[in-house]
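In the numbering used here, the protein residues as written are 106 to 563.
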């Protein structure tokens with residue numbers, strides 16, 4: 106058994122005079138049950154208590170990596186020493202049996218880590234507080250039947266929520282197996298707004314992130330899932346000079362797409378499945394998040410809106426802008442009464458608008474020739490400028506025939522009545538703000554067999 110109290114590591118140990126800021130300090134390190142043999146080292150328990158650590162991370166990596174780099178003097182000495190090794194010593198060393206390491210339990214609690222991050226140029230500070238970590242059954246045995254290590258951890262994220270998880274892992278020489286589940290609770294996303302531009306192309310104005318996560322890696326394949334809840338999530342507007350490729354993939358701006366998914370509490374739920382080959386040269390976290398987010402948003406919209414009768418489902422969705430049109434409300438010719446089938450459809454629209462308070466609808470009546478009765482023909486006096494004349498046939502030399510012209514305004518007026526009927530029904534039966542229902546500029550349908558309808562789209 107052994108113990109060590111109050112250990113301190115300088116950030117720049119090769120030249121302590123440069124910086125006196127400590128990389129890490131701890132109150133106590135205890136190691137119990139040490140059993141050392143020529144080819145085996147086994148330890149029952151290692152405990153670290155009251156760890157305080159300061160890390161910095163930038164595009165070049167963590168400062169811990171710099172801490173382990175050898176100084177020039179050390180490197181020279183190492184080279185000189187290496188040159189004196191004889192061939193016999195080298196052969197003996199290579200033939201030596203690897204040291205077998207086993208550790209029954211490793212415990213770290215509590216730990217506080219301050220991270221200075223400058224991945225985007227500017228410097229930001231993050232806090233990991235009250236970290237508790239337990240790992241059991243640690244071994245470098247590469248046998249296939251070796252039991253995996255178990256891990257359990259909890260930590261606070263400063264004023265940005267908490268993280269916990271537990272599961273198993275096995276670190277083999279050429280393979281990493283992981284099976285971990287956990288929760289991220291109430292993470293304030295404002296603190297990582299500058300990083301959001303990398304993944305979603307927008308800065309974040311507000312929002313809390315909650316995730317139930319499952320991380321699974323086996324045979325170099327990742328198969329994981331993130332059940333995500335975004336609370337009060339709001340994105341900052343892009344500058345005129347900025348462009349977001351996600352908008353092109355979705356077919357409409359990301360904030361608008363997210364508004365389609367907001368519930369009455371201003372929350373957004375997304376299911377993010379993450380799969381791929383970790384050895385693939387194209388594998389990257391940022392790339393996966395972008396692709397998965399676009400796919401997840403589209404699938405979530407389909408799940409929420411397809412029961413209402415989206416028109417574009419049969420041929421597959423190209424983008425959300427063209428997909429979110431619903432089956433029109435069909436009217437009987439010359440009637441402004443909403444049919445029973447029409448009211449059933451409008452009740453679904455009402456339910457949707459109540460659940461998704463950010464959604465607005467375009468309500469558009471269509472004027473159609475099917476609404477023209479014979480008596481609506483406008484009598485045109487002979488010789489009038491509005492008279493339609495058919496030229497006489499050369500064979501019969503019959504006098505020209507006067508064709509009655511239908512006043513299109515009467516058709517448009519009827520379509521407008523239907524449009525207003527639909528709007529008023531939604532407002533009165535669903536207590537929906539009329540400002541969320543936008544009427545259109547009505548036109549006469551070009552097809553003579555077009556049905557009298559009111560079209561509805563988001």
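All C-beta atoms in this analysis are idealised placements derived from N, C-alpha and C, irrespective of residue type, glycine included.
- Residue 315 is not a Cβ neighbour of residue 340, given a cutoff of 8 Å.
- Inclusion of residue 457 and residue 434 in the CB contact set at 8 Å is not warranted, their separation being larger than that value.
- Looking from the CA of residue 113, the closest CA among 106, 131, 107 belongs to 131.
- With fewer than 16 other Cβ atoms from the protein chains shown falling within 10 Å of its own Cβ, residue 384 counts as exposed.
- Taken in chain order, the complete alpha helix (DSSP H) segments of 4 residues or longer contained in the segment 423-463 are 425-428, 445-460.
- Spanning the alpha carbons of residue 432 and residue 398 requires a straight line of approximately 28 Å.
- Non-local beta-carbon contacts of residue 137 in its own chain, meaning distances under 7 Å to residues more than five positions away in sequence, involve 106, 149, 150 in chain order.
- Annotated three-state conformation of residue 525 is helix, per DSSP.
- Secondary structure note for residue 359: its alpha helix (DSSP H) is the uninterrupted segment 359-364.
- Excluding sequence positions up to five before and after residue 152, its CB lies within less than 6 Å of the CB of 135, 212, all in the same chain and listed in chain order.
- The residues 455, in chain order, have a CB closer than 7 Å to that of residue 534 in the same chain once the five nearest residues on each side in sequence are set aside.
- Counting along the chain, residue 158 sits inside the beta strand (DSSP E) bounded by residues 156-163.
- The DSSP-derived three-state label of residue 129 is strand.
- As a beta-bridge residue in DSSP terms, residue 326 pairs with 323, 382.
- A Cβ-Cβ separation of about 7 Å places residue 543 in contact with residue 466 under the 8 Å criterion.
- Note: residue 469 is bridge-paired with 560 in the DSSP secondary-structure output.
- A residue is called buried once 16 or more other Cβ atoms fall within 10 Å of its Cβ, and residue 235, having fewer, is exposed.
- Counting only residues of its own chain and dropping the five nearest sequence neighbours on each side, residue 400 has no CB closer than 7 Å to any other CB.
- Segment contact: the segment 297-315 against the segment 349-362, three or more CB-CB distances shorter than 8 Å; contact assigned.
- DSSP places residue 403 in the helix class (H, G or I) of the three-state scheme.
- As the crow flies, the alpha-carbon of residue 517 is around 44 Å from that of residue 310.
- If you draw a 10 Å sphere on the C-beta of residue 226, you find fewer than 16 other C-beta atoms in it, and that means exposed.
- Per the DSSP secondary-structure output, residue 151 pairs in a beta bridge with 136, 211.
- Secondary-structure assignment with DSSP links residue 318 through a beta bridge to 287, 331.
- Taking one beta carbon from each stretch, the segment 243-255 and the segment 212-221 have fewer than 3 pairs nearer than 8 Å; the two do not touch.
- Distance from the CA of residue 162 to the CA of residue 230, rounded to the nearest whole angstrom, comes to 10 Å.
- The criterion of a C-beta distance shorter than 8 Å is not satisfied by residue 522 and residue 559.
- According to DSSP, residue pairing for residue 141 in a beta bridge involves 146.
- Rounded to whole angstroms, the gap between the alpha carbons of residue 292 and residue 313 is 5 Å.
- Secondary structure of residue 310 (DSSP, three-state): strand.
- Take the alpha-carbon of residue 405 and the one of residue 376: they are about 8 Å apart.
- Straight across, the Cα-Cα distance linking residue 460 with residue 556 is about 31 Å.
- With respect to residue 146, residue 206 sits close: the two C-beta atoms are nearer than 8 Å.
- Boundaries of the alpha helix (DSSP H) around residue 301: 298-304.
- Exposure of residue 141 is indicated by the presence of fewer than 16 other C-beta atoms within 10 angstroms of its C-beta.
- Shown here, residue 539 sits in a helix according to DSSP, grouped into three states.
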